[in-house]
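In this note's numbering, the protein residues as written are 956 to 1464.
Glycine included, each C-beta is placed from N, C-alpha and C at the ideal position.
From a predicted model like this one, the values you see are computed outputs, not experimental measurements.
Here is the structure we will look at, set down as structure tokens.
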Amino acid sequence: EFPGVGPLCAMHTRPMGDATAGAKNGGIPQRGRHAGSAPKIDIGATAKEVDVEDPKTTSEHRPLILSPMEPKYPSRTSTDMHSSFVGSARFFVLVILFLVNSGMYLARINMSVAIVYMYDDDEELSKGIVLSAFYWGYASSQVLAGYLAARYGGKVVLSMSILGCALGTCFIPMHNSPTFVIVMRAFVGMCQGACYPSQMPILSDWIPWFERSRALSVIASGESVGTIVALFLGPYLVQIAGDWQSIFWATGFINLLLFGVVSVCLDETPEEMQARGWLSDSELRFINIGRSRLIRPKSIPWVEFLSNIPYLSVVCIHFCSDWGYLLILSYLPSYWRNVYQVSDSEMAFYSVLPCIGIPLVSIVGATFADWLLSKKVKLITVRKAMSAVGLWAPALCFHLLSYCKACRANCPAFRFALATMIIGVSLRGIQTGGWASNYLDIGPSYVSYLFSIANSVGAVSGILAPLVTGAILNDSIENWATVFNTVASLYFLGGLVFVSFAKAHVLFR
């Protein structure tokens, strides 16, 4: 999470005293102490002290930087800890990002509901093409978005991403042409492709490394909330309004509101919020304890990225995880309706149930991961354990789903399929404390680039999964067993690669 040889921890220091005194004594300016006195740092004997000038930090709060191979959990007896998470300014930032991700997933998942009414049940291949169109645009904008976020700041890129997504969603109902729908969905995907890369530098500035599992669980919960709202309310909107176009009008308007919230309320750095008088000195010092994004890279080591085995293991698990999740988001309503002949209201309810558990499991799992770190468990051990459980347990569930046969709703096979689907999808939340946090571990200065590359590869699964699934199901609706076993195999492979090759110290400096 933090630049240096290993994840970088910025220790709390007092306001600057005589900065020249330390230099006169042979080196690093002394902070917060009288001339000639040595700074007291209680974080580990192997750490090396480095003075870093960060243009983003004020003269009163420039941190000292430590670069151990593994990050050391800060001692509460030696630091001025502003330890309250809920209710803090950084939690307020997370709430905004949570709302943004909820709105983004409203605009992403709305098509999974609308497509049930737009096409006949026997047009599975056409459905697959429309559902995959979003990810054509989503994959194309990731790397560019990462560059723009690093160059101009995350807030600007995030705001434009939300605005473009809102407008594109509102345009979809204006023309019934399949080509127009595909083009607009690709445009919405392109805009959403900038969403996560633009959030990464904001998180790196705001959230100390020892809180990042919890922080990611909060903002990632927005995905599930947006999915739940879209899947649950979509069919009711169609019933009330009498047409599928209402789904796009509603979700587009919500994202327009979120554009206003981000533009007015979100501060990209703690210093910006403090300048407005909304952030206390004690919380800024606490953030600086584990702050990481202190140096903007002058050049991007693309070749080093693409030849680094531990990083490629994260890319691999990202792709495998996204294949199953994006497939479920796209096809879950159709699965319940076509295989078990449920009604529209039942389709909405059963589609929502598996998604409810994700934020709950994510928050519990991420809190547990941070607790393990506080107990001195190695960071790499936590990342690998959470990733393994988060992929291999769902892999077993999807394999079991392959044995479920088509029948009417409420038959034994349906009840087993529903319970297994709920467990398998919910356990995805455990991954938040695993590979999903690893980008911030291995390259905090390049996190926008690292995440955007991997998310581009992950988005390819969003293109391939609906197309492959549509082709499989176009032959026979009985082929769901093949679909589920493919997901299970990819989950097992992704977990195995990550556990075998992943690292948790800084790899790119």
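CA-to-CA distance, residue 1421 to residue 1286, given in whole angstroms
As a first step, residue 1286 is located in the sequence shown; it is residue number 331 there, counting from the start. As a first step, residue 1421 is located in the sequence shown; it is residue number 466 there, counting from the start. The alpha-carbon atoms of residue 1286 and residue 1421 are separated by roughly 8 Å.
Three-state class that DSSP yields for residue 1444 in the structure shown
Working through the sequence shown from its first residue, we reach residue 1444 at position 489. DSSP places residue 1444 in helix when its eight states are reduced to three.
With residue 1079 as the anchor, note down where its alpha helix (DSSP H) starts and where it stops.
Working through the sequence shown from its first residue, we reach residue 1079 at position 124. Start and end: 1079-1095.
Which whole-angstrom value describes the C-beta separation of residue 1169 and residue 1040, a residue pair presumed to lie in contact below a C-beta threshold of 8 Å?
Residue mapping note: residue 1169 aligns to position 214 of the sequence shown, counting from 1. Residue mapping note: residue 1040 aligns to position 85 of the sequence shown, counting from 1. Contact holds; Cβ gap of about 7 Å.
Report the option in 1354, 1331, 1321 and 1299 whose CA atom is closest to the CA atom of residue 1364.
Translated into positions along the sequence shown, residue 1364 becomes position 409. Checked all of 1354, 1331, 1321 and 1299; the closest Cα to residue 1364 is 1299.
Any C-beta of chain B under 9 Å from that of residue 1379
Protein chains in the displayed structure number just one, and chain B is not present.
Just mark residue 1124 as buried or exposed, buried being the case when its beta carbon has 16 or more other beta carbons within 10 Å.
Locating residue 1124 in the sequence shown gives position 169, counting from the first residue. Residue 1124 comes out buried.
Cβ of residue 1346 within 9 Å of Cβ of residue 1449?
Here residue 1346 is taken as the residue at index 391 of the sequence shown, counted from 1. Here residue 1449 is taken as the residue at index 494 of the sequence shown, counted from 1. With respect to residue 1449, residue 1346 sits close: the two C-beta atoms are nearer than 9 Å.
Counting C-beta neighbours from all protein chains within 10 Å, is the total for residue 1392 16 or more, i.e. buried, or is it exposed?
Along the sequence shown, read from residue 1 onward, the residue named residue 1392 stands at position 437. Result: buried.
Roughly how many whole angstroms lie between the Cα atoms of residue 1215 and residue 1317?
Locating residue 1215 in the sequence shown gives position 260, counting from the first residue. Locating residue 1317 in the sequence shown gives position 362, counting from the first residue. Roughly 28 Å between the two C-alpha positions.
Quick test of your reading: residue 1155 and residue 1406, contact by CB under 8 Å. State the CB separation rounded to the nearest angstrom.
On the sequence shown, residue 1155 is found 200 positions in, with the first residue counted as 1. On the sequence shown, residue 1406 is found 451 positions in, with the first residue counted as 1. Right, the Cβ-Cβ distance comes to about 5 Å (below 8 Å), so this counts as a contact.
Give every residue of the same chain whose Cβ lies closer than 6 Å to the Cβ of residue 1389, excluding the five residues on either side of it in the sequence, and list them in chain order.
Numbered from its first residue, the sequence shown carries residue 1389 at position 434. Answer for residue 1389: 1338, 1341, 1342 and 1345, listed in chain order.
For residue 1236, does the three-state DSSP call read helix, strand or coil?
Stepping through the sequence shown from its first residue, residue 1236 is reached at position 281. It is helical.
Can you list, in chain order, the residues of its chain whose CB lies under 8 Å from that of residue 1284, leaving out five sequence neighbours each side?
Against the sequence shown, residue 1284 aligns to sequence position 329. Answer for residue 1284: 1063, 1064, 1067 and 1182, listed in chain order.
Shortest alpha-carbon distance to residue 916 belongs to which of 1212, 1455, 1463 and 1276?
Absent from the model: residue 916. The displayed extent of the chain is 956 to 1464, so no value can be given.
If you draw a straight line from the alpha carbon of residue 1372 to that of residue 1293, how long is it in whole angstroms?
Locating residue 1372 in the sequence shown gives position 417, counting from the first residue. Locating residue 1293 in the sequence shown gives position 338, counting from the first residue. Roughly 14 Å between the two C-alpha positions.
In angstroms with no decimal places, state the Cα-to-Cα distance between residue 1122 and residue 1087.
On the sequence shown, position 167 is the one that residue 1122 refers to. On the sequence shown, position 132 is the one that residue 1087 refers to. Separation of residue 1122 and residue 1087 (C-alpha to C-alpha, rounded to the nearest whole angstrom) is 20 Å.
Please classify residue 1244: does DSSP put it in a helix, a strand, or coil?
In the sequence shown, the residue the question calls residue 1244 occupies position 289. When secondary structure is reduced to three states using DSSP, residue 1244 falls in the helix class.
In whole angstroms, give me the CA-to-CA distance for residue 1185 and residue 1072.
Looking up residue 1185 in the sequence shown gives position 230. Looking up residue 1072 in the sequence shown gives position 117. Looking at the two C-alpha atoms, the distance is approximately 15 Å.
Please list, in chain order, all residues of the same chain as residue 1456 whose beta carbon is under 6 Å from its beta carbon, the five residues on each side excluded.
Counting from 1 along the sequence shown, the entry for residue 1456 is found at position 501. Within the same chain, residue 1456 has close Cβ partners 1264, 1265 and 1268.
Could you spell out the range, first to last residue, of the alpha helix (DSSP H) harbouring residue 1371?
Here residue 1371 corresponds to residue number 416 of the sequence shown, with the count starting at 1. Counting along the chain, the alpha helix (DSSP H) containing residue 1371 begins and ends at 1367-1381.
Can you look up residue 1464 in the DSSP assignment and give me helix, strand or coil?
As a first step, residue 1464 must be located in the sequence shown, where it is residue number 509. Reduced to three states, the DSSP call for residue 1464 is coil.
If you run the structure through DSSP and keep just helix, strand and coil, what is residue 1263?
Here the question's residue 1263 lines up with position 308 in the sequence shown. In the structure shown, residue 1263 sits in coil (DSSP, three-state: anything other than H, G, I, E or B).
Expected contact under 8 Å - CB spacing of residue 1274 and residue 1403 to nearest Å:
Position 319 of the sequence shown, counted from the start, is the residue given in the question as residue 1274. Position 448 of the sequence shown, counted from the start, is the residue given in the question as residue 1403. About 19 Å separates the CB atoms of residue 1274 and residue 1403; that is not less than 8 Å, and the two are not in contact.
Just the Cα atoms here: how many angstroms apart are residue 1447 and residue 1350?
As a first step, residue 1447 is located in the sequence shown; it is residue number 492 there, counting from the start. As a first step, residue 1350 is located in the sequence shown; it is residue number 395 there, counting from the start. Cα to Cα, residue 1447 sits roughly 6 Å from residue 1350.
I need the boundaries of the alpha helix (DSSP H) containing residue 1401, first residue and last residue.
Here residue 1401 corresponds to residue number 446 of the sequence shown, with the count starting at 1. Per DSSP, residue 1401 belongs to no alpha helix (DSSP H) and is neither H nor E.
Verify whether the separation of the beta carbon atoms of residue 1325 and residue 1048 is less than 9 Å.
What you label residue 1325 is simply residue 370 of the sequence shown in a count that begins at 1. What you label residue 1048 is simply residue 93 of the sequence shown in a count that begins at 1. No.
Spatial neighbours of residue 1217 within its chain, please: CB distance less than 8 Å, with the 5 preceding and 5 following residues excluded, ordered by chain position.
Taking the sequence shown and counting its residues from 1, one reaches residue 1217 at position 262. Setting aside the 5 residues that flank it on each side, residue 1217 is surrounded in the same chain by 1051, 1055, 1110, 1113, 1114 and 1117, each with a C-beta closer than 8 Å to its C-beta; the list follows chain order.
Cβ neighbours of residue 1208 in the same chain (closer than 8 Å, five flanking residues each side left out)
The residue you call residue 1208 lines up with position 253 of the sequence shown. Counting only Cβ-Cβ distances below 8 Å, and skipping sequence neighbours, we find 1121 and 1125.
Quick one, which of 1464, 1452 and 1408 has its alpha-carbon nearest residue 1098's?
By 1-based counting over the sequence shown, the position of residue 1098 is 143. Measuring from the Cα of residue 1098, the nearest candidate turns out to be 1408.
For residue 1245 and residue 1163, I'd like the C-alpha separation in whole angstroms.
Position 290 of the sequence shown, counted from the first residue, corresponds to residue 1245. Position 208 of the sequence shown, counted from the first residue, corresponds to residue 1163. Their Cα atoms are separated by approximately 4 Å.
Who are the Cβ neighbours of residue 1323 in its own chain at under 8 Å, not counting the five residues just before and after it?
Within the sequence shown, numbered from 1, the residue matching residue 1323 stands at position 368. Counting only Cβ-Cβ distances below 8 Å, and skipping sequence neighbours, we find 1388.
How many angstroms separate the CA atom of residue 1083 from the CA atom of residue 1427?
Here residue 1083 corresponds to residue number 128 of the sequence shown, with the count starting at 1. Here residue 1427 corresponds to residue number 472 of the sequence shown, with the count starting at 1. Using only the alpha carbons, I get a separation of about 10 Å.
Decide if the region 1139-1154 is in contact with the region 1186-1196; the criterion is three or more beta carbon pairs, one per stretch, under 8 Å apart.
no
Among 1227, 1311, 1212 and 1159, whose alpha-carbon lies nearest the alpha-carbon of residue 1179?
For the purposes of this step, residue 1179 is taken as residue 224 along the sequence shown, with counting starting at 1. With respect to the C-alpha of residue 1179, the residue from 1227, 1311, 1212 and 1159 having the closest C-alpha is 1311.
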